[in-house]
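Peer 1:
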Amino acid sequence: MRLFAWSARRVLSAHKQASEGSREFWGWLNAVFNKVDYERIKAVGPDRAAAEWLLRCGAKVRFRGFDRWQHDYNGLPTGPLGRYLIEAIDATESCIMYRGFDHLEGLEHVEEIRFNKCIYIEDACMERLSQIKTLQESLKNMTIVSCGNVTDKGIITLHHLRNLEWLLLSDLPGVKDKDQTVDRLQTALPRLTIDLDLA
């Protein structure tokens, strides 16, 4: 019996070490995917560089004048600089994180962003996004669903997005004082419609 218990502990220990190593590998890979290449942004423009970043991380983009969502990195359209302008971002279940948010600088036509089940999205991401002048002007619709690291603090920073018209907040366990948070946001942005599904 002792031999069995000893063997079981060794197997479980080896499995635990392997899964921890795997987690470290994926964390490292996600950080690499989010690294900002400023030379690439200069070479291809902010929209193309941001599209490459988003698709590399598992998100989708929709370009202005197109109905179809682009999700295949290798299928990104080519053309003259400024031809393909990002109008919408769907980051559902993607690995985008704060480290990559500099890619959003210079995007002038983004009207919609969806964060759904984004495990790396946190308050610092909301704050960074809200500080980008071009997004303050263009962003109209936003969805934040099942992003467990977003708290009241992150939601309140969205008041800088002065043209935001619609916001969906759902399944955000980090939002503890929803009434006060919504009141503060609504006071700062009286034209904003907020749809809530918070426990």
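Residue numbering for the sequence shown is -13 to 185, as defined by this note's numbering.
Note that beta-carbon positions come from the ideal geometry of N, C-alpha and C, so glycine has one too.
Here the structure is a predicted model, which is why all the values come from computation and not from measurement.
Could you compute how far the alpha carbon of Cys111 sits from the alpha carbon of Ala45?
Peer 2: For the purposes of this step, residue 111 is identified with residue 125 of the sequence shown, where counting begins at 1. For the purposes of this step, residue 45 is identified with residue 59 of the sequence shown, where counting begins at 1. Spanning the two alpha carbons is a distance of roughly 16 Å.
Peer 1: Considering Cα atoms alone, identify which of Gly65, Leu93 and Leu182 is closest to Val161.
Peer 2: As a first step, residue 161 is located in the sequence shown; it is residue number 175 there, counting from the start. Taking only the C-alpha atoms, the option nearest Val161 is Leu182.
Peer 1: Work out the CA separation of Pro176 and Pro66 for me, nearest whole Å.
Peer 2: Your numbering for residue 66 matches position 80 in the sequence shown. Your numbering for residue 176 matches position 190 in the sequence shown. Taking the straight line joining both Cα atoms gives about 40 Å.
Peer 1: If you draw a straight line from the C-alpha of Trp39 to the C-alpha of Met128, how long is it?
Peer 2: On the sequence shown, position 53 is the one that residue 39 refers to. On the sequence shown, position 142 is the one that residue 128 refers to. So the two alpha carbons sit approximately 20 Å from each other.
Peer 1: Mind checking whether Asn16 and Gly86 have CB atoms under 7 Å apart?
Peer 2: The residue you call residue 16 lines up with position 30 of the sequence shown. The residue you call residue 86 lines up with position 100 of the sequence shown. No. Outside cutoff.
Peer 1: Looking at the C-beta of Asp23, does it have a partner C-beta in chain B at a distance below 7 Å?
Peer 2: In the structure shown, chain B does not exist; there is a single protein chain.
Peer 1: For Phe205, write down the residues that DSSP places opposite it in a beta bridge.
Peer 2: In the structure displayed, the chain extends from -13 to 185; residue 205 sits before or after that span and is not available.
Peer 1: Please list, in chain order, all residues of the same chain as Gly140 whose beta carbon is under 6 Å from its beta carbon, the five residues on each side excluded.
Peer 2: Position 154 of the sequence shown, counted from the first residue, corresponds to residue 140. If we look at Gly140 and ignore the five residues flanking it on each side, its Cβ neighbours are Asp109 and Met112.
Peer 1: Could you compute how far the alpha carbon of Asp163 sits from the alpha carbon of Arg50?
Peer 2: Reading the sequence shown from its first residue, position 177 is the one you call residue 163. Reading the sequence shown from its first residue, position 64 is the one you call residue 50. Going by the C-alpha atoms only, they are around 37 Å apart.
Peer 1: I need the straight-line Cα distance from Ile105 to Glu79, nearest angstrom please.
Peer 2: The sequence position of residue 105 within the sequence shown is 119, counting from 1. The sequence position of residue 79 within the sequence shown is 93, counting from 1. The straight-line gap from Cα to Cα measures roughly 8 Å.
Peer 1: I need the straight-line Cα distance from Ile107 to Val136, nearest angstrom please.
Peer 2: By 1-based counting over the sequence shown, the position of residue 107 is 121. By 1-based counting over the sequence shown, the position of residue 136 is 150. The straight-line gap from Cα to Cα measures roughly 7 Å.
Peer 1: Determine the closest residue to Lys126 out of Arg26, Ala29, Ala35 and Glu151, with distance taken between C-alpha atoms.
Peer 2: In the sequence shown, counting from the first residue as 1, residue 126 sits at position 140. When each option's Cα is compared against that of Lys126, the closest is Glu151.
Peer 1: Hey, how far is the Cα of Leu121 from the Cα of Leu147?
Peer 2: Within the sequence shown, the letter at position 135 stands for residue 121. Within the sequence shown, the letter at position 161 stands for residue 147. Taking the straight line joining both Cα atoms gives about 7 Å.
Peer 1: Arg48: buried (16+ other C-beta within 10 angstroms of its C-beta) or exposed?
Peer 2: Here residue 48 is taken as the residue at index 62 of the sequence shown, counted from 1. Arg48 comes out buried.
Peer 1: Any idea if Ala77 is buried or exposed, counting beta-carbon neighbours within 10 angstroms, 16 or more meaning buried?
Peer 2: Position 91 of the sequence shown, counted from the first residue, corresponds to residue 77. The C-beta of Ala77 has 16 or more other C-beta atoms within 10 Å across all chains shown, which makes the residue buried.
Peer 1: Just reading off the alpha helix (DSSP H) that Ser124 is part of, what are its end residues?
Peer 2: Position 138 of the sequence shown, counted from the start, is the residue given in the question as residue 124. That run of the alpha helix (DSSP H) goes Lys119 to Ser124.
Peer 1: Starting from the Cα of Gln200, find the closest Cα among Leu144, Lys103, Val96 and Cys133 and give me that residue.
Peer 2: No statement about residue 200 is possible, as the shown extent of the chain runs from -13 to 185 and does not include it.
Peer 1: Report the rounded CA-to-CA distance for Leu178 versus Arg100, giving the unit in angstroms.
Peer 2: Locating residue 178 in the sequence shown gives position 192, counting from the first residue. Locating residue 100 in the sequence shown gives position 114, counting from the first residue. Approximately 16 Å, taken between the alpha carbons.
Peer 1: If you count every other CB in all the chains shown that lies within 10 Å of the CB of Asp88, and 16 or more means buried, which is it?
Peer 2: Walking along the sequence shown from the start, residue 88 turns up at place 102. Result: buried.
Peer 1: For Thr173, report the span of its alpha helix (DSSP H) as first-last.
Peer 2: Within the sequence shown, the letter at position 187 stands for residue 173. For Thr173, the uninterrupted alpha helix (DSSP H) run begins and ends at Lys164 to Ala174, by DSSP.
Peer 1: Where Ser124 and Glu97 are concerned, what is the direct C-alpha to C-alpha distance, given to the nearest angstrom?
Peer 2: The residue given as residue 124 occupies position 138 in the sequence shown. The residue given as residue 97 occupies position 111 in the sequence shown. Each residue's CA atom was taken as its position, placing Ser124 and Glu97 some 5 Å apart.
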